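**Student:** Structure provided below as structure tokens; questions to follow.
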Amino acid sequence: MDQDALNNAAAKGLPMPFAVSKSGVTLVAPTTAVYKEQLAQTASLIFETISTLGEVKIDRMEIVGDKKSIIMDFDAGGIVGTIFESAGGAVSSEYGSLLQEMRKKPTAVTPVRRKAVIAPDVLEKMKVILQDYVGDFTERIFQNQMKNQAINAEVLHEEDVRRLILALGRATGMIVGHSKGHELSSKLIELIK
Amino acid sequence: MDIIDKIPGVIGYATVRADDGAVEETKGSSATDLADLTAYFSSAGEVIKNNLDLGEVRFVSLHYGSNQLVIVRHGDRFIGLEIERGKDPLQIIKQLETPVVIEQPPITVPRSLSMKIQQINLLIDEFGGENEREHWFDLLNQSLGLLGREIAPVIGVVENRLAFKANPPAEKEDEYNGALRYIVDFLVKKAVEEMGSSQARAKVQTVIERMR
């Protein structure tokens, strides 16, 4: 993310765009300059809260106030977002699209590094192991957790697979007991070591 | 908050006290820890509101995976309602705020689905008896979260019975039937584990007879 990308986003219709990297670098469009310090504090609070809740991969947060609202998209690099005037409580879907577009710009200040890509055949191997624990429920539980965790089977990043493993361990634990769920998670983790 | 049990589209919810963030209640079939999310993000929302001068918060919405959590202030507590991603939070909030005014259309459920619902309710009656019903409702909610992902927003435990909260779309009848079959299998499997196969089989037999 760089200043040009923010300015472009503002020109395209994001009222008060901003970006904050995990390392704390805060960029704001001229319309957002007055909030720069507060946005840095806000981002720091959100990074902390998300890290406390580790297991849930939150990718967007909206706060709708009766005066103003804020929408923020999160990824491994940090936050991009915009403040906007509240209009009856609705959050325009256009803001979400513009934020995604803004994020796609080449990164200069906040390089997004995701952990290694894993070969998709790991999913089939995981199912074979899962079968030993949940039998006939295997395919259903597997597919439901893939959807719940929004996993893209075509491009699997290590962090996504780890999240899926945690979710499968939890789901399995509900069916066959928590110790079995942990055992399953440990076996599945071996597949990506 | 029994009123929330009846709102179509709500997969699960948690209530926390606004003054100290203590969790009061978690209900429904969500696979996510809604209580923690509600407690942490209601508090974060208040700080951000003051920081950025947003005015009174109408709602906070968190998006994760295929769902979103909508957090609203309701009297002296915050309620976190899990709904499907992309659904309009305002519609759910409206039903929470004015439950009496909203007229729900009568719910019509195809026979194949209503029979499955009846079967599940009878299984809960038999397995839960007089003293273990809460435990079996917990298992039922777990199974909805694990195996009934597609059906969870339109179905739920309302006044101690599994029931549809909205009309199931006709084109989804087969899909929903499939999900309910898995839930029946799950409950029977749990019964076998907890009470042994002969007692579980006897209770399943009683259900079959009650359905004739």
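These protein sequence lines are chains A and B, in that order. Residue numbers for the first sequence, in the working numbering: 1 to 193. Residue numbers for the second sequence, in the working numbering: 1001 to 1212. We put the CB at the ideal spot given by N, CA and C, even for glycine. Bear in mind that the values here come from a model prediction, so they are computed numbers and not experimental data.
Go through its chain and collect everything with a Cβ distance to Gly1012/B's Cβ below 6 angstroms, but skip five positions before and after it.
**Tutor:** Taken in chain order, the residues that qualify are Gly1028, Ser1029, Ser1030, Leu1034, Glu1082.
**Student:** For Ser179/A, does the count of other Cβ atoms within 10 angstroms reach 16, so buried, or fall short, so exposed?
**Tutor:** When all chains shown are included, Ser179/A counts as exposed.
**Student:** What three-state label does DSSP hand Val134/A in the structure shown?
**Tutor:** Three-state result, Val134/A: helix.
**Student:** Report the rounded CA-to-CA distance for Ile58/A versus Ile1071/B, giving the unit in angstroms.
**Tutor:** So the two alpha carbons sit approximately 14 angstroms from each other.
**Student:** Which residue comes first and which comes last in the alpha helix (DSSP H) that contains Thr1206/B?
**Tutor:** Its alpha helix (DSSP H) spans residues 1197–1211.
**Student:** What residues in its chain sit with their C-beta under 7 angstroms from that of Ala1179/B, if we drop five residues either side in the sequence?
**Tutor:** Cβ neighbours of Ala1179/B beyond the five flanking positions: Leu1147, Gly1148, Glu1150, Ile1151.
**Student:** Taking the C-alpha atoms as reference points, what is the distance between Glu197/A and Lys1190/B?
**Tutor:** What is shown of chain A runs 1 to 193, which leaves residue 197/A out entirely.
**Student:** What residues from chain A crowd round Phe1036/B, counting only those whose CB sits closer than 9 angstroms?
**Tutor:** For clarity, residue 1036/B is Asp in the given sequence; the question names Phe instead. Result: Thr52, Leu53, Val56.
**Student:** What is the rounded straight-line gap between the Cα of Thr52/A and the Cα of Met1195/B?
**Tutor:** Taking the straight line joining both Cα atoms gives about 39 angstroms.
**Student:** Are at least three pairs of beta-carbons, each pair with one atom in the stretch 1059–1067 of chain B and one in the stretch 1077–1097 of chain B, less than 8 angstroms apart?
**Tutor:** Segments in contact, yes.
**Student:** Whether or not the stretch 1108–1120 of chain B and the stretch 1158–1169 of chain B are in contact is what I'm after, with contact meaning three or more pairs of Cβ atoms, one per stretch, closer than 8 angstroms; do they touch?
**Tutor:** With the cut-off at 8 angstroms, the stretch 1158–1169 of chain B and the stretch 1108–1120 of chain B touch.
**Student:** Mind checking the stretch 1045–1056 of chain B against chain A and listing, in chain order, the residues whose C-beta falls within less than 8 angstroms of any C-beta there?
**Tutor:** Within the stretch 1045–1056 of chain B, the residues whose Cβ lies closer than 8 angstroms to some Cβ of chain A are Gly1045, Val1047, Ile1048, Lys1049, Asn1051, Leu1052, Asp1053, Leu1054, Gly1055, Glu1056, listed in chain order.
**Student:** Anything in the stretch 3–35 of chain A with a Cβ closer than 8 angstroms to a Cβ of chain B? List those residues in chain order, please.
**Tutor:** Listed in sequence order: Tyr35.
**Student:** Please report how far the alpha carbon of Arg1212/B lies from the alpha carbon of Arg1077/B, in whole angstroms.
**Tutor:** About 46 angstroms.
**Student:** Is the Cβ of Val1158/B closer than 8 angstroms to any Cβ of chain A?
**Tutor:** For Val1158/B, the answer is no, since every Cβ of chain A falls outside 8 angstroms of its Cβ.
**Student:** Comparing C-alpha positions only, which one of Ser21/A, Glu124/A, Val134/A, Pro30/A sits nearest to Asp75/A?
**Tutor:** Ranking the options by Cα distance to Asp75/A, first place goes to Ser21/A.
**Student:** Mind listing which residues of the stretch 1058–1091 of chain B have their C-beta closer than 7 angstroms to chain A's C-betas, in chain order?
**Tutor:** Residues passing the 7 angstroms Cβ filter: Arg1058, Phe1059, Val1060, Ser1061, Leu1062, His1063, Tyr1064, Gly1065, Ser1066, Leu1090.
**Student:** Taking only beta carbons into account, state which residues of the stretch 1131–1161 of chain B come closer than 9 angstroms to chain A, listed in chain order.
**Tutor:** So the close ones are Leu1139, Gln1142, Ser1143, Gly1145, Leu1146, Leu1147, Gly1148, Arg1149, Glu1150.
**Student:** Just the C-alpha distance for Ile165/A and Gly1080/B, rounded to the nearest angstrom, thanks.
**Tutor:** Cα to Cα, the separation comes out at about 26 angstroms.
**Student:** Mapping DSSP to helix, strand and coil, what is Ile1183/B?
**Tutor:** Helix, per DSSP.
**Student:** For a contact defined as C-beta to C-beta under 8 angstroms, what are the partners of Asp1185/B on chain A?
**Tutor:** Here the neighbours are Asp136, Phe137.
**Student:** Give a yes or no on whether 8 angstroms exceeds the smallest Cβ distance from Tyr1040/B to chain A.
**Tutor:** It does: the Cβ of Tyr1040/B has a partner Cβ on chain A nearer than 8 angstroms.
**Student:** Between Gln100/A and chain B, is the shortest Cβ-Cβ distance under 8 angstroms, so that the two count as touching?
**Tutor:** So, not an interface residue.
**Student:** Considering only C-alpha positions, which residue in the set Leu130/A, Glu101/A, Gly89/A is nearest to Val80/A?
**Tutor:** Nearest C-alpha to Val80/A: Glu101/A.
**Student:** Determine the DSSP secondary structure at Val20/A, reduced to helix, strand or coil.
**Tutor:** Here Val20/A sits in strand by DSSP.
**Student:** By alpha-carbon positions, which one of Leu39/A, Met72/A, Val117/A ends up nearest to Tyr95/A?
**Tutor:** Among Leu39/A, Met72/A, Val117/A, the Cα nearest to that of Tyr95/A belongs to Met72/A.
**Student:** Just the chain A side, please: which residues come within less than 9 angstroms of Tyr1182/B by C-beta, in chain order?
**Tutor:** Under the 9 angstroms cutoff, chain A gives Asp136, Phe137, Arg140.
**Student:** So for Glu55/A, helix, strand or coil by DSSP?
**Tutor:** Of the three classes helix, strand and coil, the one that applies to Glu55/A here is coil, per DSSP.
**Student:** Does the distance from the C-beta atom of Ala116/A to that of Glu158/A stay below 8 angstroms?
**Tutor:** Yes, the pair counts as a contact, with Cβ atoms nearer than the cut-off.
**Student:** By a C-beta neighbour count over all protein chains shown, 10 Å radius and 16 as the cutoff for buried, is Gly1145/B buried or exposed?
**Tutor:** Gly1145/B comes out buried.
**Student:** Hey, how far is the Cα of Gln1142/B from the Cα of Met174/A?
**Tutor:** Computed Cα separation, rounded: 7 angstroms.
**Student:** Is the CB of Ala1031/B under 8 angstroms away from at least one CB in chain A?
**Tutor:** Taking Cβ atoms only, chain A reaches closer than 8 angstroms to Ala1031/B, which makes this a yes.
**Student:** What do you reckon, are the CB atoms on Ile118/A and Val161/A nearer than 8 angstroms?
**Tutor:** Result yes, Cβ atoms of Ile118/A and Val161/A sit closer than 8 angstroms.
**Student:** Measuring straight from C-alpha to C-alpha, what distance separates Leu1123/B and Glu1209/B?
**Tutor:** Leu1123/B and Glu1209/B: Cα-Cα distance of roughly 12 angstroms.
**Student:** In the structure shown, what three-state DSSP assignment does Leu1162/B receive?
**Tutor:** Strand, per DSSP.
**Student:** With 8 angstroms set as the bound, which would you pick, yes or no: does the beta-carbon of Glu62/A sit closer than that to a beta-carbon of chain B?
**Tutor:** Yes, its Cβ sits closer than 8 angstroms to a Cβ of chain B.
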